[in-house]
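Input: a single structure, listed below in structure tokens.
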Amino acid sequence: MPNSTDHERTLPQEMQITAQTGDLALLQTQLAQWESQVSAPNQTTTTTTTTTNQSQEQKQDNLSFKPTLTEQVERAYMADRTGKAGPLYDLLSRLLVQAARTNQAAVARYILGERGGFVTSMAMRRGMAASAFDVLEVFREYGWQVNEPVQDGRCPILGFVTNNEARVRWCLEQGADPNARNKNKYMDVPSQAGRYASVPVLQLLAARGANFRCSNALQRAAEAETETESADRMELLQWLLDEAGFPINQREFEYDPEEFHKWWGNGLGTALHFAVYANDPERVRFLLERGCDVNLKDTLGRTVRELCREEKNAEVIAIRDSWGSDPSLHGQSSGIRDRGAYTSVRPFHEVLLYRPVPGVRQ
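Just so we're aligned, residue 1 is where the sequence shown starts under UniProt numbering, counting upward by one.
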């Protein structure tokens, strides 16, 4: 006979739904009920180990709150920052995320103000992914700052939302730094915009002081994958060259001698190198027509002609050859490798943070 919990939601799951719908009175009642169950002593009068273990297992099943691995990592990080830890704070953090999904500002204020919860990275990211600006304003009231790293060592939130003009505008209105970098300086807002943003977003960032010349924005635009990222990169490439004045033959990090030296071994190249990596004939032709040097080497000593492989795209090779490349290199292996490991991150709308919960909208 199946257990009732196979078909019925547990109390913590019900609370997540309540947090999403914004029924604050019901959530308060449910939290009180949950806390009484957590703190209640075992009612069993048997002292045997077997009976005690069964009682504890049944109680855990009834409460059914098991933090995910991601939540456990953030729990440890936040415990160090706030000094708060335990099942209640784990649950409050989960409820805060659910409130952020549907912009339930009153629920967020209750969790943070009356229950002593704290703003977590997951809640902030969920709120931003949902454009839940009312909740994000509450987060600011309780200490979250728009220019703090999303997580330890990472870029601030603006670097993760350049695919959405409304979110970019909101962040800038709150004082977000349009040139913010992560701790190790390999990711910055202008470069992320080169990969994910539209021209209006670039214009918005530039109006607030974004320095695209001191970034890898042109490289990121040249390599962007049209299947999952903005397909209209040509207009963006043109804007970066004509309006932002991006040096067309500048290699990655060449604007910063220290970073250029640090990342030298990664094969830092020009936008043309990355258009070849992307196997995009239109971008290759455009960059060559605009004056990109076909003979310029990346930091591993490779020109674009050496990166082309016959099995990749005959049109790219034909374009390359038309710009005076050495025919003897036609068809040589380039040893092309994945370039995405350190240069960019996915926008939040592509990331799933939680396992599905019955009845809880993901």
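C-beta: ideal position from N, C-alpha, C; glycine also. Source: prediction; values computed, not measured.
(request) Give the DSSP-derived three-state secondary structure of Asp90 in the structure shown. (result) As a first step, residue 90 is located in the sequence shown; it is residue number 90 there, counting from the start. Of the three classes helix, strand and coil, the one that applies to Asp90 here is helix, per DSSP.
(request) Let me know if Pro247 comes out buried or exposed under the rule of 16 or more other beta-carbons within 10 Å of its beta-carbon. (result) As a working note, residue 247 is residue 247 in the sequence shown. Exposed: under 16 other Cβ atoms inside 10 Å.
(message) Do Ile157 and Met124 have their beta-carbon atoms positioned less than 8 angstroms apart in this structure?
(response) Here residue 124 is taken as the residue at index 124 of the sequence shown, counted from 1. Here residue 157 is taken as the residue at index 157 of the sequence shown, counted from 1. Yes, the Cβ-Cβ distance between Met124 and Ile157 is below 8 angstroms.
(request) Return the first residue and the last residue of the alpha helix (DSSP H) that Val304 is part of. (result) Here residue 304 refers to the residue found at position 304 when the sequence shown is read from its first residue. Note, Val304: alpha helix (DSSP H), Val304 to Leu307.
(request) Quick one: give me the first and last residue of the alpha helix (DSSP H) that Glu252 is part of. (result) Counted from its first residue, the sequence shown places residue 252 at position 252. Unbroken run through Glu252: none, as it is neither H nor E.
(message) Please report the straight-line C-alpha distance between Asn163 and Val201, rounded to a whole angstrom.
(response) The sequence position of residue 163 within the sequence shown is 163, counting from 1. The sequence position of residue 201 within the sequence shown is 201, counting from 1. Taking the straight line joining both Cα atoms gives about 8 angstroms.
(message) Whole angstroms are fine: how far does the CA of Ala193 sit from the CA of Leu240?
(response) Here residue 240 is taken as the residue at index 240 of the sequence shown, counted from 1. Here residue 193 is taken as the residue at index 193 of the sequence shown, counted from 1. For Leu240 and Ala193, the distance between alpha carbons rounds to 11 angstroms.
(message) Please identify the residue among Trp34, Val189, Trp264 and Arg195 whose C-alpha is closest to the C-alpha of Arg233.
(response) As a working mapping, residue 233 is identified with position 233 in the sequence shown. Of Trp34, Val189, Trp264 and Arg195, the residue nearest in Cα terms is Arg195.
(request) For Arg9, name the three-state secondary structure that DSSP assigns. (result) In the sequence shown, counting from the first residue as 1, residue 9 sits at position 9. Arg9: coil per DSSP, three-state reduction.
(message) Would the segment 73-90 count as touching the segment 127-137 if we require 3 or more Cβ pairs under 8 angstroms?
(response) no
(message) Taking the alpha helix (DSSP H) that Thr82 belongs to, which residues open and close that run?
(response) Residue mapping note: residue 82 aligns to position 82 of the sequence shown, counting from 1. First-last of the alpha helix (DSSP H) with Thr82: Leu69 to Thr82.
(request) State buried or exposed for Ala25, treating a residue as buried only when at least 16 other CB atoms are found within 10 Å of its CB. (result) Here residue 25 is taken as the residue at index 25 of the sequence shown, counted from 1. When all chains shown are included, Ala25 counts as exposed.
(request) Within the same chain, show all residues whose beta-carbon is closer than 6 angstroms to that of Glu315, passing over the 5 residues directly before and after it, in chain order. (result) Taking the first residue of the sequence shown as position 1, residue 315 is located at position 315. So the list reads Pro281, once near-sequence residues are dropped.
(request) Measuring alpha carbon to alpha carbon, tell me which of Ala99, Arg115 and Trp144 ends up nearest Ala32. (result) Residue numbering aside, residue 32 sits at position 32 when the sequence shown is read from its first letter. Residue Arg115 is the option with its Cα nearest to Ala32.
(request) Go ahead and pull the three-state DSSP assignment for Pro156. (result) Along the sequence shown, read from residue 1 onward, the residue named residue 156 stands at position 156. Strand at Pro156.
(message) In this structure, how does DSSP classify Arg115 when only helix, strand and coil are distinguished?
(response) Counting from one through the sequence shown, the residue named residue 115 turns up at place 115. Three-state result, Arg115: coil.
(message) Could you check whether Gly245 and Arg220 sit closer than 8 angstroms to each other, using their CB atoms as the reference points?
(response) Taking the first residue of the sequence shown as position 1, residue 220 is located at position 220. Taking the first residue of the sequence shown as position 1, residue 245 is located at position 245. Not closer than 8 angstroms, so no.
(request) Starting from the N-terminal side, write out each stretch of the alpha helix (DSSP H) that is 4 residues or longer and does not extend beyond the segment 168-238. (result) 189-196, 199-207 and 217-223
(message) For a quick check, are the C-beta atoms of Glu252 and Asn279 less than 8 angstroms apart?
(response) For the purposes of this step, residue 252 is taken as residue 252 along the sequence shown, with counting starting at 1. For the purposes of this step, residue 279 is taken as residue 279 along the sequence shown, with counting starting at 1. No, these two residues do not count as a Cβ contact at 8 angstroms.
(request) Inspect the beta-carbon positions of Leu300 and Val294 and report whether they are closer than 8 angstroms. (result) Residue numbering aside, residue 300 sits at position 300 when the sequence shown is read from its first letter. Residue numbering aside, residue 294 sits at position 294 when the sequence shown is read from its first letter. Taking 8 angstroms as the Cβ cut-off, Leu300 and Val294 do not qualify as a contacting pair.
(request) Rank Thr303, Trp263, Glu306 and Tyr277 by C-alpha distance to the C-alpha of Asn184 and give the top, closest one. (result) Your numbering for residue 184 matches position 184 in the sequence shown. Comparing Cα positions, the closest option is Trp263.
(request) Measuring alpha carbon to alpha carbon, tell me which of Leu296, Leu236, Gly269 and Glu254 ends up nearest Arg283. (result) Indexing the sequence shown from 1 puts residue 283 at position 283. Nearest of Leu296, Leu236, Gly269 and Glu254 to Arg283, Cα basis: Leu236.
(request) Could you work out which residue in Arg181, Glu141, Gly86 and Ser131 is closest to Asp152 when comparing CA atoms only? (result) Locating residue 152 in the sequence shown gives position 152, counting from the first residue. Ranking the options by Cα distance to Asp152, first place goes to Arg181.
(request) Look at the alpha carbon of Leu96 and the alpha carbon of Val119, and state the distance between them as a whole number of angstroms. (result) Position 96 of the sequence shown, counted from the start, is the residue given in the question as residue 96. Position 119 of the sequence shown, counted from the start, is the residue given in the question as residue 119. Computed Cα separation, rounded: 8 angstroms.
(request) Whole angstroms is fine: what's the gap from Thr10's alpha carbon to Gln16's? (result) In the sequence shown, counting from the first residue as 1, residue 10 sits at position 10. In the sequence shown, counting from the first residue as 1, residue 16 sits at position 16. Using only the alpha carbons, I get a separation of about 10 angstroms.
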